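Chemist: Structure below; questions to follow.
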Amino acid sequence: PSNLVKAAESQKINIETVPGERALLMYLISKFQKLDPDVIIGHDMRMFGLELFLSRCQKLKVGLTASKIGRLHRTHDAKTKVSTIKNPTCGRLLCDISVSARELLTKCKSYDLEELCKTVLNNEQQQLYRSYSIDQTRDSFSSSMSVVDLVQATLNNTSLILNIFCQLMVLPLAYQLTCIAGNLLSRTLMGGRSERNDHLL
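Residues in the sequence shown are numbered from 1 upward in steps of one, following UniProt numbering.
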């Protein structure tokens, strides 16, 4: 929508527009490299989000993506299948709260974001959660305000993920488990309970 930036400003949201998906991915990677985070926090990133991101980058020829989101220089990203890239975030800790919650909340029925919000957060925070289907996401681009609503929902969900991460004390607990077992922190965050048991034995 042509008046998207003005609509976003009216809601005190800063939106930057790009001409297409490839430009968006390149913009995201440049921002990521500038921030240079030590820890990446998300929900369902290890099994879905990260692989989807890398496959889109590969299809749209955004080169050496795994080198850019990790700290290990790779030279064959363009020829390598996404599914065979081992540890694309090498050099950074990847904390997937859906993986961590499986170890810390063993009685939880489901580990999707909505269920984790209900289990971990208070009622006021739970009400911020909103889910969009593929069709709803597509329809959101019919008007400026619906795009702004989508952006706001995404920002809210991101803050919920961070709140769950803090409430579960994922990193401090993972660090303690790593010190006890004597393995790597990155492996602990992958949920390798059996591997930790092997180290202890």
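Even for Gly, the Cβ is constructed at its ideal location relative to N, Cα and C.
Just so we're clear, the structure is a prediction, and the values are computed from it rather than from any experiment.
Please name the residue or residues paired with D96 in a DSSP beta bridge.
Modeler: Taking the first residue of the sequence shown as position 1, residue 96 is located at position 96. In the DSSP output, where bridge partners are listed per residue, D96 has G42.
Chemist: Taking 8 Å as the threshold (C-beta atoms), are R102 and C90 in contact?
Modeler: By one-based count along the sequence shown, residue 90 stands at place 90. By one-based count along the sequence shown, residue 102 stands at place 102. Going by C-beta atoms, C90 is not nearer than 8 Å to R102.
Chemist: Our contact map puts V147 next to Q11 with C-beta atoms below 8 Å; I'd like the distance itself, whole angstroms only.
Modeler: By one-based count along the sequence shown, residue 147 stands at place 147. By one-based count along the sequence shown, residue 11 stands at place 11. Wrong, their Cβ atoms sit about 11 Å apart, outside the cutoff.
Chemist: Which residues in the same chain have their Cβ closer than 7 Å to the Cβ of K109, if we skip the five residues on either side of it in sequence?
Modeler: Taking the first residue of the sequence shown as position 1, residue 109 is located at position 109. Excluding sequence neighbours, K109 sits near E115.
Chemist: Assuming V99 and M190 are in contact, meaning their beta carbons sit under 8 Å apart, how far apart are those beta carbons, in whole angstroms?
Modeler: What you label residue 99 is simply residue 99 of the sequence shown in a count that begins at 1. What you label residue 190 is simply residue 190 of the sequence shown in a count that begins at 1. Indeed they touch by this definition, with Cβ atoms about 7 Å apart.
Chemist: Which runs of the alpha helix (DSSP H) spanning at least 4 residues fall entirely within the region 5-31, listed in chain order?
Modeler: none
Chemist: Tell me whether C57 is buried or exposed, calling it buried when 16 or more other Cβ atoms sit within 10 Å of its Cβ.
Modeler: On the sequence shown, residue 57 is found 57 positions in, with the first residue counted as 1. Counting Cβ neighbours within 10 Å, C57 comes out buried, since at least 16 surround it.
Chemist: Can you give, in chain order, each stretch of the alpha helix (DSSP H) that sits fully within the region 101-127 and has at least 4 residues?
Modeler: 113-120, 123-126
Chemist: Do the CB positions of I161 and G42 come within less than 8 Å of each other?
Modeler: By 1-based counting over the sequence shown, the position of residue 161 is 161. By 1-based counting over the sequence shown, the position of residue 42 is 42. For I161 and G42, yes; Cβs fall inside 8 Å.
Chemist: For K35, count neighbouring C-beta atoms within 10 Å of its own C-beta (all shown protein chains included) and say buried if the count is 16 or more, exposed if not.
Modeler: Walking along the sequence shown from the start, residue 35 turns up at place 35. Checking the sequence shown, residue 35 turns out to be Leu, not Lys. It is exposed - the Cβ of L35 has fewer than 16 other Cβ atoms within 10 Å.
Chemist: Measure the C-alpha to C-alpha separation of L28 and T154 and round it to an integer number of angstroms.
Modeler: Here residue 28 is taken as the residue at index 28 of the sequence shown, counted from 1. Here residue 154 is taken as the residue at index 154 of the sequence shown, counted from 1. Distance between the alpha carbons of L28 and T154: 15 Å.
Chemist: Here's a check: name, in chain order, each residue in its chain whose Cβ is nearer than 8 Å to the Cβ of G192, leaving out the five neighbours to either side.
Modeler: The residue you call residue 192 lines up with position 192 of the sequence shown. Counting only residues of its own chain and dropping the five nearest sequence neighbours on each side, G192 has a CB closer than 8 Å to the CB of N183.
Chemist: Using 8 Å for Cβ pairs, my map puts L121 next to Q167. What's the rounded Cβ distance?
Modeler: Within the sequence shown, the letter at position 121 stands for residue 121. Within the sequence shown, the letter at position 167 stands for residue 167. That pair is a contact at about 7 Å.
Chemist: Please report how far the alpha carbon of L96 lies from the alpha carbon of L52, in whole angstroms.
Modeler: Translated into the one-based positions of the sequence shown, residue 96 becomes position 96. Translated into the one-based positions of the sequence shown, residue 52 becomes position 52. The sequence as given places Asp at residue 96; Leu does not occur at that position. If you take the alpha carbons of D96 and L52, they lie about 15 Å apart.
Chemist: The ligand FMN and D38: does the residue's C-beta get closer than 7 Å to at least one heavy atom of that ligand?
Modeler: With respect to the ligand FMN, the structure offers nothing, as it holds no ligand at all.
Chemist: Does DSSP put C179 in a helix, in a strand, or in coil?
Modeler: For the purposes of this step, residue 179 is taken as the residue at position 179 of the sequence shown. Helix at C179.
Chemist: Identify which residue in I134, D38, I180, Y129 has its Cα closest to the Cα of T158.
Modeler: Reading the sequence shown from its first residue, position 158 is the one you call residue 158. The candidate whose alpha carbon is nearest that of T158 is Y129.
Chemist: Relative to the C-alpha of A66, which candidate in L54, D112, R92 has its C-alpha closest?
Modeler: For this step, residue 66 is matched to residue 66 along the sequence shown. Nearest option by C-alpha distance: L54.
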